[in-house]
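In the UniProt record's numbering, the protein residues as written are 1 to 97.
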């Protein structure tokens, strides 16, 4: 709450923030359940976290493995990471597109 008050007092827009760390809820809040036939059913949030991790790792690979990566490719991957993080933080984003 203090952070929100600080934003209001200083006219800082929350979308200007850079997210460095992403906390992950405990496994009890995002269960994986075994259903009929031995199949696994996962919470939707697990799928979103998986996408965040995959896209972020892809972006890291672009920065670390190749020196000749096209700037447009990096920008596109950065945008994908932003979109999936937005989905994680505000589930209504994908529903409105």
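Every residue, glycine too, gets a C-beta built ideally from N, C-alpha and C. The structure presented is a predicted model; accordingly, all values stated were derived computationally and were not measured.
At the level of alpha carbons, what is the spacing between residue i and residue j?
| i | j | result |
| --- | --- | --- |
| residue 88 | residue 38 | 28 Å |
| residue 51 | residue 6 | 31 Å |
| residue 29 | residue 43 | 9 Å |
| residue 17 | residue 90 | 15 Å |
| residue 8 | residue 20 | 22 Å |
Per DSSP, which residues does residue i bridge with? Please list them.
| i | result |
| --- | --- |
| residue 34 | 40 |
Does the separation of the CB atoms of residue i and residue j fall below 8 Å?
| i | j | result |
| --- | --- | --- |
| residue 59 | residue 81 | yes |
| residue 40 | residue 32 | yes |
| residue 62 | residue 74 | yes |
If you run the structure through DSSP and keep just helix, strand and coil, what is residue i?
| i | result |
| --- | --- |
| residue 13 | coil |
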